[in-house]
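The listed protein sequences derive, respectively, from chains A and B. With this note's numbering applied, the first sequence has no gaps in its numbers, which climb one by one up to 1024 at the end. With this note's numbering applied, the second sequence has no gaps in its numbers, which climb one by one up to 96 at the end. Glycine residues also receive a C-beta, built at the ideal position from the N, C-alpha and C atoms. First comes the structure, then the notes that go with it.
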Amino acid sequence: MKTITCNGKPLEIANDAHLQQLAHALMPTASVVIRNGFQTNEDILLEDGDSITLIEPGILPPQDVLEHMMAARHSPHVHETVRRACVGVAGLGGLGSNIAAMLARTGVGHLILADFDIVEPSNLNRQNYYVSHLGMYKTDATADIIRQINPFITVETHTIRITEDNAWDIFHGCDVVCEAFDHPACKAELVSALLSNSNTIRIVAGSGMAGYGSSNEILTQKRMSRLYICGDGHTAAANGIGLMAPRVSVCAGHQANMTLRLLLGIGQP
Amino acid sequence: MKVNGNTVPAEEGLTVGALLEQQGYPVKRIAVEVNGEIVSKAQYDSFALHDADTVEIVCFVGGG
């Protein structure tokens, strides 16, 4: 006999059991079959310790099975590490709203979100909100979106303007903080406040992502011992050079990926 | 000393504040690190720089 995990529960199987055969026997209507984080149609011989997930599209499973099904597409060692991590997002505009959603999809277990503002019509050109969020605090709207993406993530919100005086109180429990403000002076203030208060916290900031210049100019650079900067470094939002969804999202993706790398112990940008 | 990778002479008594003024940095939009340690704004005018120091100045632009 071999023992595998099926939809989060241990299951004993015969030594010659194959994946598709077993899936068909257990759940004939399953059209998505995942083995160890990888979706496949092949009828592979199952190994002791394998984890398989069988999903019937359109059917909402019970909570514990849902959590296992969602985790099934995470690479196993990645999921375990990021689930224990805490990441802060300072500012929930074009960068922050997108970063928070990406980190939620990645399965980062604890997110601390801070912003003082409400969702306005002019935000919808680049920020990760919908018409239904207009008038809501961005903290509440982002928390709502994260619940829809992954209800197993702990979200802490602070609806307040972040300054050098309260930044440490809000973000002191974080492994990494993503700086996602609009104003350059606020960016600088947050970086100085957090780095001078702690010897361990890492910051992944954004600088230069307006307009529609080449996506390939947007880079992740390690600029200080615990500060990473994503962006092209020079294209500020200005008269005639607006912030637009594609480039802002590229930069947010850089920040989210650098955050993921740091959580996994990789310091190289 | 090195400032953002470039060799710059460290004059006697040079402070972070004086270096920033000399090089024309917009003080409100920057963060400064010397030898791996952040230097807060309140320290700029008293923080003395020395030969062989490594200074990193990050200047932010708006948008996010």
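- Put simply, the CB of residue 957 of chain A is far from chain B, with every gap to its CB atoms at 8 angstroms or more.
- Three or more beta-carbon pairs drawn from the stretch 934–947 of chain A and the stretch 833–848 of chain A are found closer than 8 angstroms, and the two stretches are therefore classed as touching.
- Scanning the stretch 936–987 of chain A from its first residue to its last, the whole alpha helix (DSSP H) runs of 4-plus residues come out as 939–952.
- Distance from the CA atom of residue 835 of chain A to the CA atom of residue 765 of chain A, rounded to whole angstroms, is 18 angstroms.
- Per the coordinates, the alpha-carbon of residue 41 of chain B lies some 20 angstroms from the alpha-carbon of residue 90 of chain B.
- In summary, the residues of the stretch 48–76 of chain B whose CB is separated from some CB of chain A by less than 7 angstroms are 60, 61, 62, 63, 65, 68, 70, 72 and 73, in the order they occur in the chain.
- The Cβ atoms of residue 1016 of chain A and residue 964 of chain A lie no closer than 8 angstroms to each other.
- For residue 794 of chain A, the secondary structure class from DSSP, reduced to helix, strand or coil, is strand.
- DSSP places residue 843 of chain A in the uninterrupted beta strand (DSSP E) bounded by 841–845.
- Only those residues of the stretch 924–941 of chain A whose C-beta falls short of 7 angstroms from the nearest C-beta of chain B are listed: 935, 936, 937, 938, 939 and 940.
- Taking one beta carbon from each stretch, the stretch 954–968 of chain A and the stretch 42–57 of chain B have fewer than 3 pairs nearer than 8 angstroms; the two do not touch.
- When CB distances to chain B are screened at a threshold of 8 angstroms, not a single residue of the stretch 855–875 of chain A falls below it.
- For the stretch 802–819 of chain A, no residue has a beta-carbon sitting nearer than 8 angstroms to a beta-carbon of chain B.
- Looking only at B/77, B/73 and B/49, the smallest Cα-Cα distance to residue 948 of chain A is reached by B/73.
- Taking a beta-carbon distance threshold of 8 angstroms, residue 92 of chain B counts as an interface residue toward chain A.
- Within the stretch 813–890 of chain A, the runs of beta strand (DSSP E) that reach at least 3 residues and sit entirely inside it are, in chain order, 841–845 and 865–869.
- The C-alpha of residue 919 of chain A lies about 49 angstroms from the C-alpha of residue 809 of chain A.
- Take the alpha-carbon of residue 53 of chain B and the one of residue 47 of chain B: they are about 10 angstroms apart.
- Residues of chain B with a Cβ closer than 7 angstroms to the Cβ of residue 991 of chain A are, in chain order, 93, 94 and 95.
- Burial is judged here by how many other beta carbons sit within 10 angstroms of a residue's own beta carbon; residue 758 of chain A has fewer than 16 and is exposed.
- A contact is defined here as three or more CB-CB pairs under 8 angstroms, and the stretch 900–913 of chain A meets this definition with respect to the stretch 858–873 of chain A.
- Inclusion of residue 775 of chain A and residue 788 of chain A in the CB contact set at 8 angstroms is warranted, their separation being smaller than that value.
- Contact with chain A is absent for residue 44 of chain B, since none of that chain's Cβ atoms lies less than 8 angstroms from the residue's Cβ.
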